[in-house]
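**Q** Each number in the working numbering comes from the position in the sequence shown (counting from 1) with 47 added on. Glycine included, every Cβ here is placed at the ideal spot set by N, Cα and C.
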Amino acid sequence: PIVFFFIARGRAHHLRHLVLAIGILAVLATGWSATRSRNIAGDMSLLGSFHNWAGRQSFWMIYWGKRPELKGWEKNFGWNTAQGNASFIRPENGPQSRKLWNLIVEIVSENPESYRALEPWMERAQQRPDGTYRDDYEEYFGRFDGDPEALADNFFIQPNGFYTDYVPEELRKRLGLAGMNQFLGSVAIETVSAQPGLASLLAMFSLSNLLSMFGIDAEGEISVQISGKQISLFPVFTYWNKTHYSQIPYNIGGCAEAHLPTEMQREIITDHKVSFPISNALFPLGNFLRNFVRNAGGPVALLVCWFIPFAPQRKFLLRLAAVTVPYLVLACALGYAPYSRYEPAVHPLILMLAFGGLLGIAKKWNDLKHARF
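This is the structure we're talking about:
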């Protein structure tokens, strides 16, 4: 709508159509917000918001989700932002972080059943290659039973994916959805403020994500060691793989058979029998196109987008770039990367930048030819 507003502002009949389109979008947005607030969140005070997740997402990224990448950059630069396996988020960062420690102690002290109820679900959550199961409940909760302070300490000492579900959910029960999101966001902001080096790590991580969407492996080029990722000798065509979520095996780690009802297990197995052949037929082509756009179209877009000001349609293309570039920067800062479900939405933008730049080169070339003759 922003781009088309500037295009249509000089023509009244175009502007009327644009206003109508914006009106429809406003109705749809209001309807979604109301439905989400009433039926999903169960809290009509959230009306007017589209999500309450940015704070929790920022907290998750720093605490657990993107720790391997941030640790890799930290090790490469020889910094000591967080020692060993310790979390970047820790009580000494400031009052909000200390408040988080206190809240965890209160939650565990007042309602120990909130984590004890997790035992049957966690005791078979992860299966080892030899068929045995890790006792994740004992590792993260059981050994601290009766000692709330020790469990709260371990939340910061031993970051893991179980705490990132348990603690925010318990905070939601106490603070409400919006309150939980705002509080975890304030902890994340406080962490970045208390550790200036972390801001640089996040900036490098975001830039690396941005370049990866254009097929360039920045981490490999400066030998940043990321767990589970091989370093390539080439800066491009290193991100070439199938979509990870195109085929999810049944009963990973024995989780489905351990916890799902029999009827649901049969439903999943039947769904796999139907969907996997379709996936096998369609995804190879889709994977090739997705990888090709990223690895071939991405570098071309970076090389030629600077010629957009010379394109015949430069007004449209410059406004498109003015919207696309901030979107890509923000999205990659939040975790957009190759093979994610968000990636396909970025590909058309990359192609438009590439073709806009190519049009600018063609126009410049023609101008030079005519000037010569």
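Out of A199, Q360, G223, P308, state which residue places its alpha-carbon closest to the alpha-carbon of I151.
**A** I151 has its Cα closest to that of A199, out of A199, Q360, G223, P308.
**Q** For the region 136-210, list the alpha helix (DSSP H) runs that are entirely contained and at least 4 residues long, ordered along the chain.
**A** Listed in chain order, the complete alpha helix (DSSP H) runs (minimum 4 residues) inside the region 136-210 are 142-157, 160-163, 166-169, 183-187, 195-204.
**Q** Are P195 and S156 touching if we call contact CB-CB under 7 Å?
**A** Yes, the pair counts as a contact, with Cβ atoms nearer than the cut-off.
**Q** Who are the near neighbours of P429 in its chain, counting only those whose CB is closer than 7 Å to its CB and skipping five residues on each side?
**A** Nothing about residue 429 can be reported from this structure: the residues present for the chain run from 48 to 420 only.
**Q** With H, G and I counted as helix, E and B as strand and the rest as coil, what does DSSP make of I69?
**A** Three-state result, I69: helix.
**Q** What are the start and end residues of the alpha helix (DSSP H) that includes T290?
**A** No alpha helix (DSSP H) contains T290, which DSSP labels as neither H nor E.
**Q** When you compare only the Cα positions, how much space is there between F252 and A380?
**A** Going by the C-alpha atoms only, they are around 7 Å apart.
**Q** Taking its Cβ as the centre, do 16 or more other Cβ atoms sit within 10 Å of A73, making it buried, or is it exposed?
**A** With fewer than 16 other Cβ atoms within 10 Å, it is exposed.
**Q** Check whether the Cβ atoms of W120 and L248 sit closer than 7 Å, and answer yes or no.
**A** Their beta carbons are under 7 Å apart, which means W120 touches L248 by this criterion.
**Q** Note down the Cα distance separating F337 from G189, rounded to an integer number of angstroms.
**A** Just to set this straight, residue 337 is Arg in the shown sequence, not Phe. Roughly 45 Å between the two C-alpha positions.
**Q** Please report the distance separating the alpha-carbon of I299 from that of N256.
**A** So the two alpha carbons sit approximately 28 Å from each other.
**Q** Out of G78, F335, W287, A265, which has the shortest C-alpha to C-alpha gap to N123?
**A** Per the Cα distances, A265.
**Q** Just to confirm my understanding: we take W148, look at its own chain, exclude 5 residues before and 5 after, and list those with CB closer than 6 Å. What are they?
**A** Counting only Cβ-Cβ distances below 6 Å, and skipping sequence neighbours, we find P138, A199.
**Q** Counting only runs that start and end within the region 85-116, where is the alpha helix (DSSP H) found for 4 or more residues in a row?
**A** Whole alpha helix (DSSP H) segments, 4+ residues: 101-107.
**Q** Using a Cβ-Cβ cut-off of 7 Å (strictly less than) and excluding sequence neighbours within five positions of V347, which residues of its own chain qualify?
**A** Hits under 7 Å: A401.
**Q** Which two residues bound the contiguous alpha helix (DSSP H) that contains R388?
**A** Counting along the chain, R388 falls outside any alpha helix (DSSP H), and DSSP gives it neither H nor E.
**Q** If we ignore side chains and look at the alpha-carbon of each, how far apart do T238 and G102 end up?
**A** Computed Cα separation, rounded: 13 Å.
**Q** How big is the Cα-Cα spacing for S80 and L94?
**A** About 6 Å.
**Q** Determine contact between the region 176-189 and the region 219-238, defined as no fewer than three beta-carbon pairs at a distance below 8 Å.
**A** The region 176-189, when compared against the region 219-238, does not touch it at the 8 Å Cβ threshold.
**Q** Decide if F97 is buried, meaning its Cβ has at least 16 other Cβ atoms within 10 Å, or exposed.
**A** It is exposed - the Cβ of F97 has fewer than 16 other Cβ atoms within 10 Å.
**Q** How big is the Cα-Cα spacing for A88 and D212?
**A** Approximately 17 Å between the Cα atoms of the pair.
**Q** Specify the secondary structure class of I315 as computed by DSSP and reduced to three states.
**A** Here I315 sits in helix by DSSP.
**Q** Does DSSP put I397 in a helix, in a strand, or in coil?
**A** DSSP places I397 in helix when its eight states are reduced to three.
**Q** For W412, count neighbouring C-beta atoms within 10 Å of its own C-beta (all shown protein chains included) and say buried if the count is 16 or more, exposed if not.
**A** Flag for W412 reads exposed.
**Q** Cα separation between L65 and I71?
**A** Roughly 10 Å between the two C-alpha positions.
**Q** Cβ of R163 within 7 Å of Cβ of A305?
**A** No; because the gap between Cβ atoms is not below 7 Å, this pair is not in contact.
**Q** Can you tell me where the alpha helix (DSSP H) holding R341 begins and where it ends?
**A** It is not in any alpha helix (DSSP H) - R341 carries neither H nor E in the DSSP assignment.
**Q** Run through DSSP, which three-state label would I325 get?
**A** Helix at I325.
**Q** Assuming the contact rule is C-beta atoms closer than 8 Å, G403 and L364 should be a hit. Round their C-beta distance to whole Å, please.
**A** Contact holds; Cβ gap of about 4 Å.
**Q** With 16 as the cutoff for other CB atoms within 10 Å, does Y389 come out buried or exposed?
**A** Label assigned to Y389: exposed.
**Q** Per DSSP, what kind of secondary structure is I236 in: helix, strand or coil?
**A** Three-state DSSP puts I236 in a helix.
**Q** Under a three-way DSSP split, which group does I33 fall into?
**A** What the structure shows of the chain is the stretch from 48 to 420, and residue 33 is not part of that stretch, so it cannot be assessed.
**Q** If distances are taken between C-alpha atoms only, which option among L415, L307, N158, F135 comes closest to A246?
**A** With distances taken between Cα atoms, A246 lies closest to F135.
**Q** Can you name, in chain order, every residue of its own chain whose Cβ lies under 6 Å from the Cβ of F209, other than the five neighbours on each side?
**A** Y187, listed in sequence order.
**Q** Buried or exposed: where does V321 fall if 16 or more other Cβ atoms within 10 Å of its Cβ makes it buried?
**A** The residue is exposed, with fewer than 16 neighbouring Cβ atoms inside 10 Å.
**Q** Note down, in chain order, each residue of its chain lying with its Cβ closer than 7 Å to the Cβ of P356, except the 5 sequence neighbours on either side.
**A** So the list reads L365, G407, once near-sequence residues are dropped.
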